[in-house]
Amino acid sequence: MNERPASFQDNESKWKKLMNLNGAAMFIAMLVVIILFEVILQITRGGGGIKFMTPDNIMSILRQQVYNGIIAFALTLVMITGNIDLSVGSMLTFLCCVCAKIMMGTDNGLLGIFGTIAIGAACGLVNGILVSYVKLNAFITTLGTSSIFTALALRLSSGTVLVIPDNCDPLFQAVGISSFGPIHILIVWFVIIAIVLGLLLSRTVFGQQLYTIGSNPVAARFSGIRAKRNTTIAYIITGLCVGFAAVLMMANVKSSNPQAASGKEMEIILMVVLGGVSVTGGKGSVWGTIIGVLFYGILSAGFTQLNLSIYLQWFIMGIIMVAALSMDVLRERGVTLWKKK
10 MNERPASFQD NESKWKKLMN LNGAAMFIAM LVVIILFEVI LQITRGGGGI
60 KFMTPDNIMS ILRQQVYNGI IAFALTLVMI TGNIDLSVGS MLTFLCCVCA
110 KIMMGTDNGL LGIFGTIAIG AACGLVNGIL VSYVKLNAFI TTLGTSSIFT
160 ALALRLSSGT VLVIPDNCDP LFQAVGISSF GPIHILIVWF VIIAIVLGLL
210 LSRTVFGQQL YTIGSNPVAA RFSGIRAKRN TTIAYIITGL CVGFAAVLMM
260 ANVKSSNPQA ASGKEMEIIL MVVLGGVSVT GGKGSVWGTI IGVLFYGILS
310 AGFTQLNLSI YLQWFIMGII MVAALSMDVL RERGVTLWKK K
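As structure tokens, this is what we get:
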């Protein structure tokens, strides 16, 4: 008598499978937020055909989040191993100063691009060795290297803004300011990096080993997985992506403020967590992080259009981050937030 129809059970099963997909819940939340912003704008601005998600606005959101997004994709690999990197914001500032110095001194586009990326890889290598081989706590270690990178940026720039000439090497400019019709090259790079790292994580042995390292380090060790090496490689990839993001930023902005990227690491970590990556490791994907990046960008754009103060924006973002982290921890502990009767 109380049995539910088979069609209802099938629909419920499909819904559960959908919600178990990485980033599915956040994608639905993002759609709800978009609708909410649309409604609020119509009410507060008195209609008048004002739209939130216009094609121009979508492109603007994507362009604004390219730098953070590229770093977030790489940081996903590190966090899946159960570690973290709090130095990415300061590293980005330092590498922007490095790129500016190279271009100001040589005006060689190839040297500026590959030199900055190589130094970024070296910064990631330092973090990886300290965390994996020296076995220092990732939180404390990267917090310390964050201070080092900040000090290096201030020393390199002498505390002043470094400016690249507008007529610098055309190759260097083409990397960051070209466009393919209505699609800016920054969005193309965003998509390419997402696909490459997404496939690396989901379709390669290396990616699967990162999941094992994060979910069960003991099993990884007895399975013959070289956890130290793989974790270090994840940090190197993060350094490479930070270096590439610095090149793209300098090709567009052409100036480097030694304190411009202060606090960026919190934004990037929030994107990764919103994308469904577990802070304890072993769960998440680059595909989910894409949702996290877009969600963060939509929230930022919506807050700007509603003319919210920067203090209120950070307050709301802080609440969202605490809520996301709390739900992740509760889920890891097997706590059921609600039950169906």
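Just remember that the numbering used here sits 9 ahead of the position in the sequence shown, which is counted from 1. The C-beta atom is built at its ideal place from N, Cα and C for all residues, glycine as well. This structure is a prediction, so every number in the text was calculated from the model and none was measured.
Top-ranked residue by Cα proximity to residue i, from the options
i, options, result
"residue 273", "292, 251, 256 and 293", "251"
"residue 239", "103, 210, 299 and 319", "210"
"residue 173", "133, 77, 260 and 50", "260"
"residue 233", "241, 64, 224 and 218", "218"
"residue 327", "282, 286, 37 and 228", "282"
"residue 243", "269, 262 and 215", "215"
"residue 117", "47, 169 and 178", "178"
"residue 99", "84, 158 and 68", "158"
"residue 38", "312, 323, 303 and 313", "303"
"residue 133", "104, 121 and 119", "104"
Backbone CA spacing between residue i and residue j [nearest angstrom]
i, j, result
"residue 295", "residue 207", "5 Å"
"residue 325", "residue 318", "11 Å"
"residue 299", "residue 192", "18 Å"
"residue 220", "residue 284", "16 Å"
"residue 156", "residue 52", "45 Å"
"residue 254", "residue 44", "31 Å"
"residue 346", "residue 331", "Residue confidence for residue 346 is low, a pLDDT of 49 falling below 50, so the modelled location carries little weight and cannot support an answer."
"residue 152", "residue 222", "22 Å"
"residue 130", "residue 81", "16 Å"
"residue 235", "residue 229", "8 Å"
"residue 91", "residue 77", "21 Å"
"residue 224", "residue 148", "18 Å"
"residue 185", "residue 64", "21 Å"
"residue 135", "residue 289", "22 Å"
"residue 166", "residue 106", "7 Å"
"residue 195", "residue 79", "10 Å"
"residue 307", "residue 279", "13 Å"
"residue 2", "residue 115", "An answer regarding residue 2 cannot be provided, because it is not within the stretch 10 to 350 covered by the chain."
"residue 102", "residue 320", "23 Å"
"residue 315", "residue 241", "43 Å"
Start-to-end residues for the alpha helix (DSSP H) that takes in residue i
i, result
"residue 128", "118–137"
"residue 237", "236–262"
"residue 156", "147–166"
"residue 108", "97–115"
"residue 266", "No alpha helix (DSSP H) contains residue 266, which DSSP labels as neither H nor E."
"residue 307", "295–314"
"residue 291", "Neither: residue 291 is in no alpha helix (DSSP H) and is coded neither H nor E."
"residue 281", "273–283"
"residue 77", "75–89"
"residue 142", "Run containing residue 142: none; DSSP gives neither H nor E here."
"residue 211", "194–212"
"residue 184", "179–186"
"residue 227", "226–231"
Where residue i falls, given that 16 or more other Cβ within 10 Å makes a residue buried
i, result
"residue 267", "buried"
"residue 3", "Given that the chain is displayed from residue 10 to residue 350, the structure contains no residue 3 and the question cannot be resolved."
"residue 154", "buried"
"residue 175", "exposed"
"residue 335", "exposed"
"residue 162", "buried"
"residue 187", "exposed"
"residue 264", "exposed"
"residue 181", "buried"
"residue 125", "buried"
"residue 286", "buried"
"residue 89", "buried"
Below-8 Å beta-carbon distance, residue i vs any chain C residue
i, result
"residue 190", "Going by chain labels, chain C is absent from the structure shown, which holds only one protein chain."
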